[in-house]
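Peer 1: Quick one: this structure, given as structure tokens, is what I'll be asking you about.
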Amino acid sequence: MTRLHAQDVTLGYEGRTVARDLAVAIPDDSFTVIVGPNACGKSTLLAALARVLAPTAGTVVLDGASIASYRSKEVARRLGLLPQTATAPGGITVGDLVARGRYPHQQLLKQWSDADEAAVAEAMTLTNVADLAPRLVDELSGGQRQRVWLAMALAQETPILLLDEPTTYLDIAHQVDVLELCARLHGDLGRTLVAVLHDLNQAARYATHLIALGPGGVVAAEGPPAEVLTEELVTDVYGLACRVVPDPETGTPMVVPRRPLRSREASADGVVRADG
Amino acid sequence: MVVDAPSSGQAPPGQRTGPPGVAGSATRAVGLLALVGIALLVLLVSIGIGSRDIGLAQSWSLLWGDPGGMAGDTSGTEAAIVRDLRVPRGLLALAVGAALGVSGAVMQGLSRNPLADPGLLGVNAGASALVVVAIGVFGVGTITGYVWFGLVGAALAMFVVHLLGATGRSSGTPERLVLAGSAVTAVLIALVNAALVLTPSTFDAFRFWNLGSLSGRRLDVLLTVAPFLAVGIVGALAMARALDTLALGDRAGQALGLDVERTRVLAGAVVTVLAGAATAAVGPIAFLGLAVPHVVRGIVGPTHRWLLPYTAVLGAIVLLVADVVGRVVAPPGEIQVGVTTAVLGVPVFVALCRRRRLVGV
Amino acid sequence: MSGATGPGLVTGRLVRLAGGRVSVRVGPRSVAVGAVAAAVVLVGAVVSMTTGEFPLTLAEVGETLVGQGSRATEFVVLTLRLPRLLLAIGVGAALAVSGAVLQSLSRNVLGSPDVIGFTTGASTGALVAIIVLGAGTLGTSVGALVGGLVTALFVVALAAGRGTQGLRMVLIGIGIGAALLAVNSWLITTAQLQTAVDAQAWLLGDLGNRGWPQVVALGVVLVLLLPVLFGWARRLALLELGDRPAGALGVDVGRTRTVLLLGAVGLAAASVAAAGPIPFLALAAPQIARSLTRAATPVLLPSALVGAALLVVSDLAVTRLFAPVPLPVGIATGLVGGLYLVALLVRLWRGSPT
Chain V
1 MTRLHAQDVT LGYEGRTVAR DLAVAIPDDS FTVIVGPNAC GKSTLLAALA
51 RVLAPTAGTV VLDGASIASY RSKEVARRLG LLPQTATAPG GITVGDLVAR
101 GRYPHQQLLK QWSDADEAAV AEAMTLTNVA DLAPRLVDEL SGGQRQRVWL
151 AMALAQETPI LLLDEPTTYL DIAHQVDVLE LCARLHGDLG RTLVAVLHDL
201 NQAARYATHL IALGPGGVVA AEGPPAEVLT EELVTDVYGL ACRVVPDPET
251 GTPMVVPRRP LRSREASADG VVRADG
Chain H
1 MVVDAPSSGQ APPGQRTGPP GVAGSATRAV GLLALVGIAL LVLLVSIGIG
51 SRDIGLAQSW SLLWGDPGGM AGDTSGTEAA IVRDLRVPRG LLALAVGAAL
101 GVSGAVMQGL SRNPLADPGL LGVNAGASAL VVVAIGVFGV GTITGYVWFG
151 LVGAALAMFV VHLLGATGRS SGTPERLVLA GSAVTAVLIA LVNAALVLTP
201 STFDAFRFWN LGSLSGRRLD VLLTVAPFLA VGIVGALAMA RALDTLALGD
251 RAGQALGLDV ERTRVLAGAV VTVLAGAATA AVGPIAFLGL AVPHVVRGIV
301 GPTHRWLLPY TAVLGAIVLL VADVVGRVVA PPGEIQVGVT TAVLGVPVFV
351 ALCRRRRLVG V
Chain F
1 MSGATGPGLV TGRLVRLAGG RVSVRVGPRS VAVGAVAAAV VLVGAVVSMT
51 TGEFPLTLAE VGETLVGQGS RATEFVVLTL RLPRLLLAIG VGAALAVSGA
101 VLQSLSRNVL GSPDVIGFTT GASTGALVAI IVLGAGTLGT SVGALVGGLV
151 TALFVVALAA GRGTQGLRMV LIGIGIGAAL LAVNSWLITT AQLQTAVDAQ
201 AWLLGDLGNR GWPQVVALGV VLVLLLPVLF GWARRLALLE LGDRPAGALG
251 VDVGRTRTVL LLGAVGLAAA SVAAAGPIPF LALAAPQIAR SLTRAATPVL
301 LPSALVGAAL LVVSDLAVTR LFAPVPLPVG IATGLVGGLY LVALLVRLWR
351 GSPT
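Protein chains in written order, with UniProt numbering: chain V, 1 to 276; chain H, 1 to 361; chain F, 1 to 354.
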């Protein structure tokens with residue numbers, strides 16, 4: 001069963017096609033992770049799924065109807081998006097920015113209800129930015145800012161949440177924090193999550209459903225990470241020779257890149273070559 | 001010491017792939033030479049065209065001061081027309097066009113703002129203000145008389161803008177200069193307008209200066225501004241590499257060993273000299289400094305080593321062609337070059353804005 | 001009102017009415033700034049109605065307004081002073097809101113209607129009316145309206161279809177504006193001196209020699225457009241986050257942009273038609289309002305009030321301080337606006353490192 005899927009969509013910008021005839025279904029109640037090399041159309045696909053980019057052909061279907069047929073606010077009450085490029089207006093406080101996530105639930109004469117207050121408070125607690133509420137977004141570090149944007153998307157309280165590289169700018173501890181939070185949103189709160197991630201090992205660890213996009217925007221493989229993430233796939237999609245071993249902590253597949261033969265000999269001699 | 005990999009700085013878009021059709025330095029150099037040739041050809045045509053048409057060959061011989069090529073007994077008059085009126089006018093158009101184009105390119109590189117135009121630094125307003133003073137207070141009535149006032153006015157306005165932009169702890173960032181320029185411009189324009197509205201006779205003289213025009217500019221105007229233009233253009237070309245480095249951002253520039261502050265001051269001085277002298281000579285000509293560098297960036301990419309010379313030559317050609325067109329379209333009168341540059345330049349500029357992905361500076 | 005509480009997480013105060021069915025967030029600073037600006041407008045109104053060549057008492061003005069004045073006071077109050085005052089308020093508010101919306105849409109301070117060619121186009125229309133067609137005041141207004149709207153449609157059409165980025169629209173607008181400016185200067189050189197002087201005076205922006213037709217026309221436009229723009233202001237704030245985030249929050253980006261753009265252009269064209277291209281107001285009033293309220297969002301209502309206050313005070317200054325010389329108000333707004341910006345920049349840059 002799927003509430004959200006893309007039917008043979010062709011995606012692109014101003015005449016440049018990024019992906020052609022792409023068919024992707026997001027399983028309900030899954031934590032779906034999309035991986036793939038740079039410029040293969042991951043973010044574009046996510047944007048199309050969230051209706052912020054119109055496909056040049058094909059349709060995105062949400063709850064049985066074309067997503068383009070919904071009113072914008074209705075879509076925004078069902079699915080949220082954390083985009084990669086967002087600019088905070090100068091001089092805005094953290095609390096106010098997170099509160100913007102409540103827009104789809106508000107009306108002109110009903111701008112702030114108790115539900116709004118509760119949703120914002122919860123989103124900020126979950127992302128660990130509650131203490132930052134009165135601070136200016138301009139003053140925050142990159143990592144703090146990323147968590148604030150995540151809080152904004154959470155405050156939207158949508159059953160489906162799309163996250164475009166939510167771990168960018170974060171140090172490894174905060175990356176794990178965010179992914180654990182996603183796992184909790186999925187597991188305890190029953191939300192359907194779709195995230196674009198770069199780290200294959202994190203993807204394998206947290207995803208219940210993995211979609212690997214290859215160069216040129218084609219689906220190279222999809223399914224449970226344990227079945228999908230193989231040495232052949234990584235070589236196929238990234239052109240990287242690797243070994244896949246069980247993660248010592250979770251048992252999920254772990255990708256360990258091989259070194260090119262020459263470099264391996266060099267390290268064995270204890271010499272680091274400058275010319276690479 | 002932090003060394004950024006080139007890709008992590010603000011790599012100027014377009015440099016990586018390079019525009020199609022222009023392969024290497026050799027092609028670019030040939031293209032530049034071709035442009036110079038076109039400029040010379042346009043100069044010859046411009047000498048020939050006017051209320052008295054003169055052939056190309058005759059123009060060529062007259063240009064070198066040889067009246068022997070002329071047939072008929074009107075040769076004395078024609079030689080005089082060419083030597084005293086059309087040759088200085090054509091040369092002035094080339095020089096001013098080159099200066100405006102280069103000042104625009106430097107200004108855009110300096111401010112990393114594709115909207116930057118020397119006019120934003122208060123040049124036109126400063127020149128206008130002192131020309132009004134010249135007309136209204138000193139009763140100056142000749143174009144040569146305006147030149148020095150325009151020059152001083154432009155320099156004063158730029159000085160105030162830079163002073164204002166350098167207030168406070170960190171000085172002279174590009175955004176500040178543009179803001180300071182618009183503030184100073186607003187004040188000066190208001191004063192100019194007040195003066196004009198109170199004295200219609202001043203307004204009557206000023207309204208013709210206020211529209212950039214080459215008509216009536218003789219050799220003395222050219223000789224007055226030529227040293228400034230020459231120094232400015234040579235200075236700009238000498239700064240090409242520094243501007244390229246600055247385009248990567250202040251931090252990346254510093255990491256590459258550039259004295260960012262000094263580069264800014266020098267580049268600002270170059271823009272002041274070029275735009276100030278050009279405006280003093282022919283009045284305000286909007287748009288050329290803004291548009292020509294954009295067109296050139298579409299041809300040779302954002303590297304200043306090529307951008308600046310191409311801009312100089314193309315700017316010269318554009319201004320001269322605009323002048324010739326203005327002389328031809330509405331005989332027996334002529335349309336001022338300020339109007340024709342704008343009207344001819346806008347379609348090109350708009351098409352460029354639409355066709356290309358906007359190239360930042 | 002069932003009470004105002006200050007939520008801890010978000011800024012501003014919450015006003016709840018009708019048992020929570022209506023709840024509105026207001027910034028205390030916005031209210032204060034708006035109130036002060038409104039007070040300035042009010043004081044300016046009183047001064048402008050009572051002082052001048054024929055000083056009147058407040059009582060005399062009041063009597064005249066309810067139809068009990070003498071013929072002389074009726075002429076002074078109803079024909080000379082009241083339309084001029086109303087026009088100052090209306091034009092100030094219209095330009096300020098137009099500037100606030102356009103600056104926000106283009107995410108660029110330079111994106112105000114006077115920079116991106118709309119007011120220059122209106123001027124071209126007016127100059128053609130004055131110089132080529134020999135039109136009077138009303139004809140000039142029509143010319144300005146047509147010129148402004150045509151220019152705006154032209155700029156928007158040229159910028160559209162390729163992803164309506166703010167920067168592209170600003171660039172094309174500046175280009176078109178530069179060309180029209182040259183055309184304007186040229187039109188002025190073609191005219192007889194007296195016509196040219198009239199045209200130049202119109203170009204400076206003035207509230208003199210206008211009457212009730214202009215007031216009524218501008219009033220209709222304001223009544224139609226202001227509520228629409230105020231209603232869509234929250235969407236405008238979301239658009240400032242970027243097109244994708246706004247879309248993800250349920251804003252119909254394309255339609256919102258179109259509606260706001262048309263509204264802002266309509267206001268700018270109508271105000272230029274009524275009073276000529278008054279400089280700096282559209283650029284400065286929203287900036288002043290935003291820095292005074294310290295709001296992170298476009299503040300349309302405070303901007304409108306600040307704009308109205310600025311123009312009322314400027315008009316008072318030129319008519320009372322320099323009387324009997326008839327200086328156009330545009331000179332005052334340019335001078336005051338420019339000096340204000342200089343002062344603001346100096347203060348700002350003294351304090352902060354960037």
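C-beta: ideal position from N, C-alpha, C; glycine also. Bear in mind the structure is a predicted one, so any value in this text is a computation, not a measurement.
Going along the region 103-122 of chain V in order, which residues come within less than 7 Å of chain F, judged by CB to CB distance?
Peer 2: Under the 7 Å Cβ criterion, the region 103-122 of chain V contributes Y103, P104, L108, L109, K110, Q111, W112, S113, E117, V120, A121.
Peer 1: Return the chain-ordered ranges of every alpha helix (DSSP H) run that is complete within the region 44-86 of chain V and spans a minimum of 4 residues.
Peer 2: DSSP runs (the alpha helix (DSSP H)) wholly in the region 44-86 of chain V: 72-78.
Peer 1: Look at the Cβ atom of V/T250, then the Cβ atom of V/F31, and state whether they are nearer than 8 Å.
Peer 2: It is not a contact, given that the beta carbons lie outside the stated cut-off.
Peer 1: Along chain H, which residues have their Cβ under 8 Å away from the Cβ of F/T189?
Peer 2: Per Cβ cutoff of 8 Å: R207, F208, L211, Q336.
Peer 1: At what residue ranges does the region 107-195 of chain V contain a whole run of the beta strand (DSSP E), taking only runs of 3 or more?
Peer 2: If we require 3 residues or more, the beta strand (DSSP E) runs fully inside the region 107-195 of chain V come out as 160-164.
Peer 1: CA-CA distance, F/G205 and F/I278?
Peer 2: The straight-line gap from Cα to Cα measures roughly 4 Å.
Peer 1: For V/G190, which of V/G216, V/I160, V/I34 has the nearest alpha-carbon?
Peer 2: Nearest of V/G216, V/I160, V/I34 to V/G190, Cα basis: V/I160.
Peer 1: Look at V/V194 and V/L46 and say whether their C-beta atoms are less than 8 Å apart.
Peer 2: Yes, they are a contact pair.
Peer 1: V/M254 lies in the beta strand (DSSP E); which residues open and close that run?
Peer 2: Looking at the DSSP string, the run of the beta strand (DSSP E) that includes V/M254 is 253-257.
Peer 1: Determine whether the Cβ of F/L87 lies closer than 8 Å to any Cβ atom of chain H.
Peer 2: F/L87 does not count as touching chain H.
Peer 1: So the alpha helix (DSSP H) F/A128 belongs to, where does it begin and stop?
Peer 2: Just to set this straight, residue 128 of chain F is Val in the shown sequence, not Ala. No alpha helix (DSSP H) contains F/V128, which DSSP labels as neither H nor E.
Peer 1: For V/G80, decide whether its Cβ has a neighbour in chain F, counting only Cβ atoms nearer than 8 Å.
Peer 2: So, interface residue.
Peer 1: I'd like to know if the region 323-333 of chain F and the region 191-208 of chain F are in contact, where contact means that at least 3 CB-CB pairs between them fall below 8 Å.
Peer 2: Result yes; three or more Cβ-Cβ pairs closer than 8 Å.
Peer 1: Specify, as a first and last residue, the run of the alpha helix (DSSP H) that F/S70 falls within.
Peer 2: Segment: none, F/S70 is in no alpha helix (DSSP H) and carries neither H nor E.
Peer 1: Flag this pair as yes or no: are the beta carbons of H/A195 and H/A154 separated by less than 8 Å?
Peer 2: Cβ atoms of H/A195 and H/A154: not closer than 8 Å.
Peer 1: Is the Cβ-Cβ distance between F/T293 and F/G27 less than 8 Å?
Peer 2: Contact flag set, yes.
Peer 1: Alpha carbon to alpha carbon, how far is F/V15 from F/V265?
Peer 2: When rounded, the distance between both Cα atoms is 33 Å.
Peer 1: Should the region 251-261 of chain H be regarded as contacting the region 184-203 of chain H, the criterion being three or more beta carbon pairs within less than 8 Å?
Peer 2: The region 251-261 of chain H vs the region 184-203 of chain H: no contact.
Peer 1: For F/T333, does the three-state DSSP call read helix, strand or coil?
Peer 2: Helix, per DSSP.
Peer 1: So with CB distances below 9 Å, who are the chain V contacts of F/T297?
Peer 2: Correct list: P89, I92, D96.
Peer 1: For F/G242, would you say it is in contact with chain V, using Cβ-to-Cβ distances shorter than 8 Å as the test?
Peer 2: True, the Cβ-Cβ gap to chain V drops below 8 Å.
Peer 1: Can you give me the Cβ contacts of H/L164 inside the same chain, cut-off strictly under 6 Å, excluding the 5 residues immediately before and after it?
Peer 2: Closer than 6 Å at Cβ, skipping near neighbours: A180.
Peer 1: When the Cα atoms are used, what is the spatial distance from F/A308 to F/V272?
Peer 2: Cα to Cα, the separation comes out at about 15 Å.
Peer 1: Please confirm whether F/V251 has its beta-carbon closer than 8 Å to some beta-carbon of chain V.
Peer 2: Yes, its Cβ sits closer than 8 Å to a Cβ of chain V.
Peer 1: Given H/C353, which residues of its chain have a CB within under 7 Å of its CB, disregarding the five upstream and five downstream residues?
Peer 2: No residues qualify anywhere along the chain.
Peer 1: Does the separation of the CB atoms of F/S112 and F/A282 fall below 8 Å?
Peer 2: A contact, by the Cβ cut-off of 8 Å.
Peer 1: H/T203 touches chain F at which residues, Cβ-Cβ below 7 Å?
Peer 2: The displayed chain sequence assigns Phe, not Thr, to residue 203 of chain H. Going along chain F in sequence order, the residues near H/F203 (Cβ under 7 Å) are V197, Q200.
Peer 1: Taking C-alpha atoms, which residue in H/V313, H/V337, H/L314, H/G315 lies nearest to H/V324?
Peer 2: Answer by Cα proximity: H/V337.
Peer 1: Between the region 20-39 of chain F and chain V, which residues of the former have CB atoms less than 8 Å from a CB of the latter, in chain order?
Peer 2: Answer set for the region 20-39 of chain F: G20, R21, V22, S23, V24, R25.
Peer 1: Quick check on V/D8: buried or exposed, where buried means 16 or more other Cβ atoms within 10 Å of its Cβ?
Peer 2: V/D8 is exposed by the Cβ-count criterion.
Peer 1: Excluding the five sequence neighbours on either side, which residues of its own chain have a C-beta within less than 7 Å of the C-beta of H/A105, listed in chain order?
Peer 2: Excluding residues within five positions, the ones whose Cβ falls inside 7 Å are P293, L307, L308, T311.
Peer 1: Just to confirm my understanding: we take H/L288, look at its own chain, exclude 5 residues before and 5 after, and list those with CB closer than 8 Å. What are they?
Peer 2: Correct list, in chain order: G97, L100, G101, G104, G315, V318, L319, T341, G345.
Peer 1: Between which two residues does the beta strand (DSSP E) harbouring V/R20 extend?
Peer 2: 16-26 is the span of the beta strand (DSSP E), which, as asked, contains V/R20.
Peer 1: For H/A230 and F/R168, I'd like the C-alpha separation in whole angstroms.
Peer 2: Cα to Cα, the separation comes out at about 34 Å.
Peer 1: Strictly below 8 Å CB to CB, what residues from chain F border V/T32?
Peer 2: What V/T32 touches in chain F: nothing, since even the nearest Cβ is about 17 Å away.
Peer 1: Assign H/S46 to one of three DSSP states: helix, strand, or coil.
Peer 2: Of the three classes helix, strand and coil, the one that applies to H/S46 here is helix, per DSSP.
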